[in-house]
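Below is one structure, written out as structure tokens; comments come after it.
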Amino acid sequence: MVRVRLAPSPTGTLHIGTARTAVFNWLYARHEQGSFLLRIEDTDKERSKPEFTTNILEGLTWLGIDWDEDPVVQSERIDQHQAAIQELLDQGLAYRCYASEAELEAMREAQKAANQAPRYDNRHRNLTAQQVAAYQAEGREAVVRFRIDDNRDIHWRDLVRGPMHWRGADLGGDMVIARRAPADQIGDPLYNLVVVVDDAAMAISHVIRGEDHIANTAKQLLLYEALGLPVPTFAHAPLILNAEGRKLSKRDGVTSISDFKNMGYTPEAIANYMTLLGWSVPDGMDERFNLNQAAGVFSFERVNKAGARFDWDKLNWLNAQVLHSLSGDALLEQLCPLWAAQGWPIQAERDWMLELTSLLGPSLTLLNDGVDQARPFFEQPPLEADAEQQLAMEGAKTALSHLSDALQAQSWDGKDKERAQSLLGDAAKAAGVKKGVLMKSLRAALLGRLQGPDLLTTWSLLAQIGEDLPRLRRCLG
Ligand code: GLU
């Protein structure tokens with residue numbers, strides 16, 4: 001039975017790297033008909049905040065990722081963590097280290113001066129009872145350290161990276177598993193220890209996480225062994241890189257899933273793109289898919305070892321594809337909240353709103369483009385320089401003035417496009433200009449600029465709400 005988990009720390013909003021890990025876990029669980037679980041790793045009391053937990057759960061739900069059991073809250077399991085530490089102490093596999101921060105700092109300085117890699121030199125590994133008593137009499141606090149034998153060879157078979165090998169000597173010396181506390185107590189248990197205890201308690205079969213955890217995996221394997229717990233299978237997904245090939249960071253302007261949402265990306269496009277960050281589709285499968293389709297074919301064989309470059313163009317392309325494939329009703333439903341936030345009257349006639357949506361839809365890349373592009377339909381736009389220039393062309397205003405007179409006599413209701421054409425033809429003829437000149441000028445008058453969607457539909461929409469004539473008049477001064 002496959003049981004996987006996402007173990008986010010609620011010290012920030014749902015980050016793109018965590019979201020990608022979530023997607024891989026979810027895809028694997030669904031492909032194997034197993035369970036996808038959540039564990040909130042909130043043991044960092046200062047930095048963990050309930051609003052981050054909310055953000056993470058909402059972000060996953062927004063992406064279409066569901067989980068199978070109530071999330072496990074790590075801080076509620078501290079008794080089990082401390083019991084495991086006590087067990088290691090009792091077996092002599094862990095010990096209390098009384099070295100002070102100042103002593104450890106001096107040790108690191110000496111290593112640096114000697115050009116050695118920083119590591120704990122295991123100085124308190126074999127204290128005599130007398131030494132311990134002396135430190136305790138001084139009132140020193142102690143961390144708990146787990147013994148790591150420098151001569152150990154640690155091996156595992158990674159589902160993405162194949163056979164892995166790590167040397168005990170490269171793990172930085174005996175590892176702290178509990179923070180400093182008075183010597184008769186066990187301080188706050190630390191990450192590597194709690195992850196092992198919790199993954200075993202949750203019967204996790206596969207640990208799927210980012211490549212930055214590989215060194216932790218080596219340490220955790222030693223803890224599984226020491227605690228006599230069953231060892232899960234590991235899969236380390238490649239890092240997400242920026243365009244320069246470095247680890248993606250806040251400086252790249254990409255942080256959390258809620259940022260993508262606010263920028264106007266759809267959950268479908270983000271989920272699709274996250275999957276492609278490190279996984280490649282089998283031959284013959286389209287790169288556009290939904291999570292269920294990907295779950296049908298997901299395997300770690302198609303997860304790459306090399307880092308995955310974040311490609312905005314591809315994400316934008318996917319987002320545009322998703323938006324263009326939505327029905328008018330579905331797109332309108334997504335646009336309405338954005339329009340409402342601008343204070344625009346979205347209670348307007350539904351047919352009008354749908355027509356506006358289908359006019360703008362094909363040119364949208366981001367949902368938010370639908371705000372800028374809809375603006376001139378809800379607010380009278382200022383005249384931009386190129387529009388002013390067009391209106392200053394010979395005959396332009398005369399033609400608009402003929403059109404305005406005709407509309408004054410009998411306004412166009414925006415429905416009969418034949419009538420619009422003949423109104424344009426007549427006004428151009430009366431002013432002695434080409435119809436093209438009038439059309440360009442009409443666009444300038446209606447939209448305040450020369451770029452925009454189909455002119456007749458634009459005019460029709462504005463005519464239906466009685467907004468065409470006032471905009472013509474404004475240009476005629
Ligand atoms: N809380 C850890 C993190 O967010 C979990 C790592 C793991 O999956 O073991 O990086």
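Under the numbering used here, the sequence shown has 299 at position 299, and the numbering climbs by one with no breaks. Every residue, glycine too, gets a C-beta built ideally from N, C-alpha and C.
Is residue i helix, strand or coil by DSSP?
| i | result |
| --- | --- |
| M274 | helix |
| H155 | strand |
| I177 | strand |
| W412 | coil |
| P163 | strand |
| T365 | coil |
| F234 | strand |
| K434 | coil |
| P470 | helix |
| H206 | strand |
| L118 | According to the sequence shown, residue 118 is Pro rather than Leu. P118 falls in the coil class under three-state DSSP. |
| I148 | coil |
| A183 | coil |
| A218 | helix |
| V143 | strand |
| P499 | What the structure shows of the chain is the stretch from 1 to 477, and residue 499 is not part of that stretch, so it cannot be assessed. |
| R123 | coil |
| R3 | strand |
Please determine, among the options, the residue with the shortest C-alpha to C-alpha distance to residue i.
| i | options | result |
| --- | --- | --- |
| W459 | L476, R419, V433, L229 | R419 |
| K314 | E355, A295, A271 | A271 |
| T21 | Q33, E32, P8, A306 | P8 |
| L27 | A169, W352, I346, F289 | F289 |
| E141 | Q116, Q185, L159, K112 | Q185 |
| N242 | T13, L277, L221 | L277 |
| H31 | D90, Q293, S100 | Q293 |
| L223 | I154, P267, V254, D188 | I154 |
| S411 | L400, R443, D468, Q373 | D468 |
| P362 | R443, G452, A341, F24 | G452 |
| I85 | D121, R157, L193, A235 | L193 |
| M393 | G436, A137, M175 | G436 |
| T398 | Q421, A431, V231 | A431 |
| P382 | L450, A113, R119 | L450 |
| A237 | D311, I208, G328 | I208 |
| I148 | G173, R125, V72 | G173 |
| T43 | N126, A178, L171 | A178 |
| T87 | W166, Q130, A226 | Looking at the sequence provided, one finds Glu at residue 87 rather than Thr. Measuring from the Cα of E87, the nearest candidate turns out to be A226. |
| R474 | V322, L391, Q464 | L391 |
| N55 | S256, D329, A114 | S256 |
| D198 | D426, P232, A215 | P232 |
| V4 | R39, D90, E388, D372 | R39 |
| Q74 | K250, Q82, W67 | Q82 |
| G162 | I214, Y191, L127 | I214 |
| L221 | I78, E51, W156, H206 | W156 |
| P118 | A106, G253, T128, T266 | A106 |
| K305 | Q373, A113, E211 | E211 |
| G64 | D79, R77, A19, T53 | A19 |
Hey, is residue i close to the ligand MN, as in C-beta under 7 Å from one of its heavy atoms?
| i | result |
| --- | --- |
| V297 | Ligands in the displayed structure: the ligand GLU; the ligand MN is not one of them. |
Rounded to the nearest angstrom, how far is the Cβ of residue i from that of residue j, given a contact under 8 Å?
| i | j | result |
| --- | --- | --- |
| S404 | L476 | 6 Å |
| L338 | G370 | 7 Å |
| P282 | V297 | 5 Å |
| A94 | F146 | 5 Å |
| I240 | F310 | 6 Å |
| M164 | D170 | Rounded, the Cβ-Cβ distance is 13 Å, inconsistent with contact. |
| L367 | L407 | The Cβ separation is near 34 Å, so there is no contact. |
| L323 | L332 | That pair is no contact at about 12 Å. |
| L229 | V196 | 7 Å |
| H124 | A99 | 6 Å |
Looking at the C-beta of residue i, does it have a partner C-beta in chain B at a distance below 8 Å?
| i | result |
| --- | --- |
| N242 | Of the protein chains in this structure there is only one, and it is not chain B. |
Give the residues whose C-beta lies closer than 6 Å to at least one heavy atom of the ligand GLU, in chain order. Residues flagged by the Cβ proximity filter: A7, P8, S9, E41, V195, R209, H213.
What alpha helix (DSSP H) runs, 4 residues minimum, are completely inside the region 5-54? For the region 5-54, the continuous alpha helix (DSSP H) assignments of 4+ residues that do not extend past its boundaries occur at 16-31, in sequence order.
Contiguous alpha helix (DSSP H) assignments of at least 4 residues, all confined to the region 303-356: Along the region 303-356, the alpha helix (DSSP H) occurs as fully enclosed runs of 4 or more residues at 312-325, 328-341, listed in sequence order.
Any alpha helix (DSSP H) of 4 or more consecutive residues that is wholly inside the region 49-113: Counting only runs of 4 or more, we get 50-63, 78-90, 101-113.
Alpha helix (DSSP H) runs contained entirely in the region 242-268, provided each spans 4 or more residues: Listed in chain order, the complete alpha helix (DSSP H) runs (minimum 4 residues) inside the region 242-268 are 257-263.
For the region 370-409, which segments carrying the beta strand (DSSP E) assignment without a break, of at least 3 residues, lie completely within its bounds, in sequence order? Scanning the region 370-409 for uninterrupted beta strand (DSSP E) segments of 3 residues or longer gives nothing; none is fully contained.
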